[in-house]
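Colleague: Heads up, the sequence shown is in this note's numbering, so the first residue is -2 and it goes up one at a time.
Quick one: this structure, given as structure tokens, is what I'll be asking you about.
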Amino acid sequence: MPPARGPWNALIARIMEVPLLIFFPACVIDRKVLKSFRYQTGGTVLAVRLAMECGAAVNLGGGFHHCSSKSGGGFCPYADITLAIKFLFAQRLVEKVMIVDLDAHQGNGHERDFLTSTDNVYILDMYNCDIYPRDVKAKKAIRKAVEIKSQTSDQRYFSLLKKALDEAVLEFQPQLVLYNAGTDSLTND
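Laid out in structure tokens, this is it:
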């Protein structure tokens, strides 16, 4: 159980970008905020396991791509993408995983975790390069970066995506594709 108050509250407040969390008891933050994120993280791990067994699976939660195994941020307290992939590797269920991250923001969390894993993890990240997080170090893990600007048309977006996907799959030939849809790649977002 986290401490009643203190540095832990400040850390969670920073990760969740809600400064007022520093005033709440840790047990309330854990129960009312973090618990649902843990369920979603478990859903990501379960989804990759089911995808290997059944051919496909969906987790409507998760996709906390700003959290690495060492640091949270951008509303992402748990590194579910990294955890799910490491679970697959530990169970020897797969050798090559491709992450296709189409959230409007760069997925710097999982990118930082897989900076040195380019043989077995391939990252295709299509993101707006003018917005958070602009993580230059994490960008080095991206094998196929598609940087776009705000107000990119649907036609242009899908044309760039199709080309990048075709090239990435041909180059890497993954055994599993982990798709992070994000919630902000819609028109006018």
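Where a beta carbon is used, it is the ideal one built from N, C-alpha and C, also for glycine.
When you compare the CB positions of G106 and A76, do they come within less than 8 angstroms of one another, or not?
Modeller: Yes, Cβ-Cβ distance for G106 and A76 is below 8 angstroms.
Colleague: Below 8 angstroms on the Cβ atoms is my guess for I96 versus I120; work out the distance and round it to an integer in Å.
Modeller: Right, their Cβ atoms sit about 5 angstroms apart.
Colleague: Buried or exposed, going by whether 16 or more other CB atoms sit within 10 Å of the CB of E108?
Modeller: Burial call: buried.
Colleague: How is the alpha helix (DSSP H) around I96 delimited, first residue to last?
Modeller: No alpha helix (DSSP H) contains I96, which is instead part of the beta strand (DSSP E) from V94 to D98.
Colleague: Between D181 and the rest of its own chain, which residues show a CB-CB distance below 7 angstroms, the 5 nearest in sequence each way excluded?
Modeller: Here the set comprises D100 and A101.
Colleague: If you scan the region 136 to 169 from start to end, which runs of the beta strand (DSSP E) of 3 or more residues do you find wholly inside it?
Modeller: If we require 3 residues or more, the beta strand (DSSP E) runs fully inside the region 136 to 169 come out as 141 to 145.
Colleague: From the DSSP output, read off the bridge partner residues of C73.
Modeller: Answer is G70.
Colleague: So, S150 versus D127, is the Cβ gap smaller than 8 angstroms?
Modeller: No, the pair does not count as a contact, with Cβ atoms beyond the cut-off.
Colleague: How about the region 52 to 69 and the region 26 to 38: do they share at least three Cβ pairs that are nearer than 8 angstroms?
Modeller: Verdict: yes, contact present.
Colleague: Put V45 into one of helix, strand or coil per three-state DSSP.
Modeller: Reduced to three states, the DSSP call for V45 is helix.
Colleague: Smallest Cα separation from Y124: which of F86, F111, T41 and Y154?
Modeller: Comparing Cα positions, the closest option is Y154.
Colleague: Under three-state DSSP, which class holds D110?
Modeller: The answer is helix: DSSP assigns D110 an H, G or I state.
Colleague: With H63 and P130 assumed to form a contact (beta carbons below 8 angstroms), what rounded beta-carbon distance in angstroms separates them?
Modeller: Correct: roughly 7 angstroms between the Cβ atoms.
Colleague: For P171 and F21, I'd like the C-alpha separation in whole angstroms.
Modeller: The alpha-carbon atoms of P171 and F21 are separated by roughly 44 angstroms.
Colleague: Would you mind working out which of G179, L8 and L173 sits nearest L31, comparing C-alpha positions?
Modeller: Nearest C-alpha to L31: L8.
Colleague: If we call anything under 8 angstroms between Cβ atoms a contact, is D122 one with Q152?
Modeller: Not in contact: D122 and Q152 (Cβ atoms no closer than 8 angstroms).
Colleague: At what residues does the beta strand (DSSP E) containing I120 begin and finish?
Modeller: Element bounds for I120: V118 to N125.
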